[in-house]
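Asks: Chains as they are written, first to last, in our numbering: chain P, 13 to 269; chain U, 10 to 174.
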């Protein structure tokens, strides 16, 4: 088997794959001339290293280490400056975020009022037509195109007094008599508020306001919705709302004159 | 790697760098000058070193290029000032000088007589222990060129040492 000088060199330099290296080793074992050439390669390497390796054993000049140490120190200071400026940038960013938050907080009340106003306006406009989709669903029925209270809402409107309704799911905000003499009640139940007036067949929902979804602004919206209803009630009412005694009497009389 | 670690690794590399410098220059004063210049260059260019690559190969390349520049500068100087009967040499120590230094060991003399391009290939692979690929990268030549220079250099050394033996 022929082994070229290049192959022998690559073998000596550890550049061959294990398979090729094994092939060279086998050839060397069976060829004294090849073994001699490999031996010469190894002696040459040992001679070169014997000549140059002692240089790596000499103590390195301090000046060289000092040069590198100075550069390392320089880098360290740059790093520190970077860290300092990074911290400053971070502080600046935090300051700006805080400022933004304050500005947003200042702006928010207006936005909320605006948003609430829109919600009220929208629900006032739609409420009558979308009555069956309100949260009072199941407590409202359709009577010849008119929304009429039924079920628990109807019972509540019949029996609850404004003063005693704090803990109930249905709250009666006020009761009044409208100009035609019908008794009306402003109520709030869940997310929906409304004005119901009693005619001879039941409680007709004159107005409903969907308070919207139950979120953080729920109270504000409900409050706004209720005050909106109270304003509407005042317009409908004949004089002042009923006091507790008048309400009790009206209830006892089945909300009829 | 942080720059602090770069500096630590460079410091750890100094003994090997010095050995390579001696292998290239074949002169201890030249070797130390070359080392100093290499450290300066490496530090100046330290931001350009890419993490994940071998620092030793990177610095060796700087050293070798620095040496090539030096050899060229010396060649220009010798072309300008040398007497016409003086033979030109690629390396620093010429044949005539080497012959005059009778005290030099066989290996050193043989290395000095090698052309620069063969000597750097031999030193990188056989002394510094780089693989063919890394050595070719350091020298900026194809691997085939490296193995050819390495083969010729090795043959020349074996012949010279054989004669001396």
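In this text, a Cβ means the ideal position worked out from N, Cα and C, and glycines have one as well.
How long is the line joining the alpha carbons of residue 257(P) and residue 157(P), rounded to whole angstroms?
Replies: Counted from its first residue, the first chain places residue 257(P) at position 245. Counted from its first residue, the first chain places residue 157(P) at position 145. Each residue's Cα considered, the two are about 34 Å apart.
Asks: Cβ closer than 7 Å: which chain P residues qualify as neighbours of residue 156(U)?
Replies: Here the question's residue 156(U) lines up with position 147 in the second chain. Within 7 Å Cβ-Cβ: 18.
Asks: Does DSSP classify residue 207(P) as helix, strand or coil?
Replies: Along the first chain, one-based indexing puts residue 207(P) at 195. Three-state result, residue 207(P): strand.
Asks: By how many angstroms is the C-alpha of residue 144(U) removed from the C-alpha of residue 91(P)?
Replies: Mapped onto the first chain, residue 91(P) falls at position 79. Mapped onto the second chain, residue 144(U) falls at position 135. Rounded to whole angstroms, residue 91(P) to residue 144(U) spans 34 Å at the Cα level.
Asks: Residue 61(P) CB to nearest chain U CB: under 8 Å?
Replies: Locating residue 61(P) in the first chain gives position 49, counting from the first residue. It does; some Cβ of chain U falls within 8 Å.
Asks: What first and last residue would you give for the alpha helix (DSSP H) that runs through residue 13(U)?
Replies: Within the second chain, numbered from 1, the residue matching residue 13(U) stands at position 4. Unbroken alpha helix (DSSP H) run through residue 13(U): 12-34.
Asks: Give me, in chain order, the residues of the same chain whose beta-carbon lies closer than 8 Å to that of residue 136(P); leave out the 5 immediate sequence neighbours on both sides.
Replies: Within the first chain, numbered from 1, the residue matching residue 136(P) stands at position 124. Because residue 136(P) sits at a pLDDT of 45, beneath the cut-off of 50, its placement in the model cannot be relied upon, and the following sentence gives the value as read from the coordinates. So the qualifying residues of the chain are 219, 221, 240.
Asks: Since residue 57(P) meets chain U, which of its residues come closer than 7 Å, beta carbon to beta carbon?
Replies: Taking the first residue of the first chain as 1, we reach residue 57(P) at position 45. What residue 57(P) touches in chain U: 135.
Asks: Could you give the distance in angstroms between the alpha-carbon of residue 195(P) and the alpha-carbon of residue 268(P)?
Replies: The sequence position of residue 195(P) within the first chain is 183, counting from 1. The sequence position of residue 268(P) within the first chain is 256, counting from 1. Those two C-alpha atoms are separated by around 7 Å.
Asks: Would residue 27(P) count as contacting chain U if we go by Cβ distances under 8 Å?
Replies: For the purposes of this step, residue 27(P) is taken as the residue at position 15 of the first chain. Yes, residue 27(P) counts as interfacial toward chain U.
Asks: Under 7 Å Cβ to Cβ from residue 83(P), same chain only, skipping five residues before and after it: list those, please.
Replies: Residue numbering aside, residue 83(P) sits at position 71 when the first chain is read from its first letter. Excluding positions up to five away in sequence, the list is empty.
Asks: Would you call residue 112(U) buried or exposed, if buried means 16 or more other Cβ atoms sit within 10 Å of its Cβ?
Replies: As a first step, residue 112(U) must be located in the second chain, where it is residue number 103. Model confidence at residue 112(U) stands at a pLDDT of 41, short of 50, so the residue's coordinates are unreliable; what they give is reported in the following sentence. Residue 112(U) comes out exposed.
Asks: Under 7 Å: does the beta carbon of residue 249(P) sit that close to some heavy atom of the ligand NAP?
Replies: In terms of ligand content, the structure shown is empty, and the ligand NAP therefore cannot be addressed.
Asks: List the residues of chain P whose Cβ lies closer than 7 Å to the Cβ of residue 140(U), in chain order.
Replies: What you label residue 140(U) is simply residue 131 of the second chain in a count that begins at 1. What residue 140(U) touches in chain P: 27.
Asks: Any residues in the stretch 83-106 of chain P with a beta carbon nearer than 7 Å to a beta carbon of chain U? Which ones, in chain order?
Replies: Taking 7 Å as the Cβ-Cβ cut-off against chain U, the residues of the stretch 83-106 of chain P that qualify are 83, 84, 87, 88.
Asks: Among 109(P), 237(P), 53(P), 214(P), which residue has its Cα nearest to the Cα of residue 170(P)?
Replies: Here residue 170(P) is taken as the residue at index 158 of the first chain, counted from 1. For residue 170(P), the nearest C-alpha among the options comes from 214(P).
Asks: My assumption, with CB atoms under 8 Å, is that residue 16(U) sits in contact with residue 30(U). Please give the rounded CB distance.
Replies: In the second chain, the residue the question calls residue 16(U) occupies position 7. In the second chain, the residue the question calls residue 30(U) occupies position 21. Contact flag wrong, Cβ pair sits at about 19 Å.
Asks: Please confirm whether residue 34(P) and residue 40(P) have their CB atoms less than 8 Å apart.
Replies: Here residue 34(P) is taken as the residue at index 22 of the first chain, counted from 1. Here residue 40(P) is taken as the residue at index 28 of the first chain, counted from 1. No, the Cβ-Cβ distance between residue 34(P) and residue 40(P) is not below 8 Å.
Asks: Pull up the CB-CB distance for residue 162(U) and residue 136(U), whole angstroms please, since I reckon it's below 8 Å.
Replies: Along the second chain, read from residue 1 onward, the residue named residue 162(U) stands at position 153. Along the second chain, read from residue 1 onward, the residue named residue 136(U) stands at position 127. About 12 Å separates the two Cβ atoms, so there is no contact after all.
Asks: Please confirm if residue 72(U) has its CB atom under 8 Å from at least one CB of chain P.
Replies: What you label residue 72(U) is simply residue 63 of the second chain in a count that begins at 1. Taking Cβ atoms only, chain P never reaches closer than 8 Å to residue 72(U), which makes this a no.
Asks: Identify whether residue 218(P) lies in helix, strand or coil by the three-state DSSP scheme.
Replies: Taking the first residue of the first chain as position 1, residue 218(P) is located at position 206. Note: residue 218(P) maps to strand in three-state DSSP.
Asks: My output table needs one value for residue 252(P): the three-state DSSP class, helix, strand or coil.
Replies: For the purposes of this step, residue 252(P) is identified with residue 240 of the first chain, where counting begins at 1. In this structure, residue 252(P) counts as coil in the three-state DSSP scheme.
Asks: Below 8 Å on C-beta distance, what does residue 116(U) contact in chain P?
Replies: Walking along the second chain from the start, residue 116(U) turns up at place 107. Neighbours of residue 116(U) on chain P, chain order: 59, 60, 62, 63.
Asks: Would you kindly report the start and end of the unbroken beta strand (DSSP E) that includes residue 184(P)?
Replies: Within the first chain, numbered from 1, the residue matching residue 184(P) stands at position 172. Where residue 184(P) is concerned, the enclosing beta strand (DSSP E) stretches over 182-189.
Asks: I need the straight-line Cα distance from residue 12(U) to residue 87(P), nearest angstrom please.
Replies: Taking the second chain and counting its residues from 1, one reaches residue 12(U) at position 3. Taking the first chain and counting its residues from 1, one reaches residue 87(P) at position 75. Distance between the alpha carbons of residue 12(U) and residue 87(P): 7 Å.
Asks: Are the C-beta atoms of residue 72(P) and some chain U residue less than 8 Å apart?
Replies: Reading the first chain from its first residue, position 60 is the one you call residue 72(P). Yes - at least one Cβ of chain U is within 8 Å of the one on residue 72(P).
Asks: Mind pulling the chain P residues with CB within less than 7 Å of residue 13(U)?
Replies: Within the second chain, residue 13(U) is the residue found at index 4, counting from 1. Chain P residues near residue 13(U): 84, 87, 88.
Asks: Using a C-beta to C-beta distance shorter than 8 Å, which residues of chain P count as neighbours of residue 49(U)?
Replies: Here residue 49(U) corresponds to residue number 40 of the second chain, with the count starting at 1. 79, listed in chain order.
Asks: Would DSSP call residue 200(P) helix, strand or coil?
Replies: Along the first chain, read from residue 1 onward, the residue named residue 200(P) stands at position 188. The answer is strand: DSSP assigns residue 200(P) an E or B state.
Asks: Helix, strand or coil for residue 153(P), going by three-state DSSP, please let me know.
Replies: Walking along the first chain from the start, residue 153(P) turns up at place 141. Note: residue 153(P) maps to strand in three-state DSSP.
Asks: Measure how close the beta-carbons of residue 40(U) and residue 34(U) come, nearest whole angstrom, since I'm counting them as under 8 Å.
Replies: If you number the second chain from 1, residue 40(U) lands on position 31. If you number the second chain from 1, residue 34(U) lands on position 25. Right, the Cβ-Cβ distance comes to about 5 Å (below 8 Å), so this counts as a contact.
Asks: Under a CB-based cut-off of 8 Å, is residue 20(U) close to chain P?
Replies: Indexing the second chain from 1 puts residue 20(U) at position 11. Answer yes: the Cβ-Cβ gap between residue 20(U) and chain P drops below 8 Å somewhere.
Asks: What does residue 68(P) touch in chain U if you count any residue whose Cβ is under 7 Å from its own?
Replies: Taking the first chain and counting its residues from 1, the one referred to as residue 68(P) is at position 56. Those are 24, 25, 27, 28, listed as they occur along chain U.
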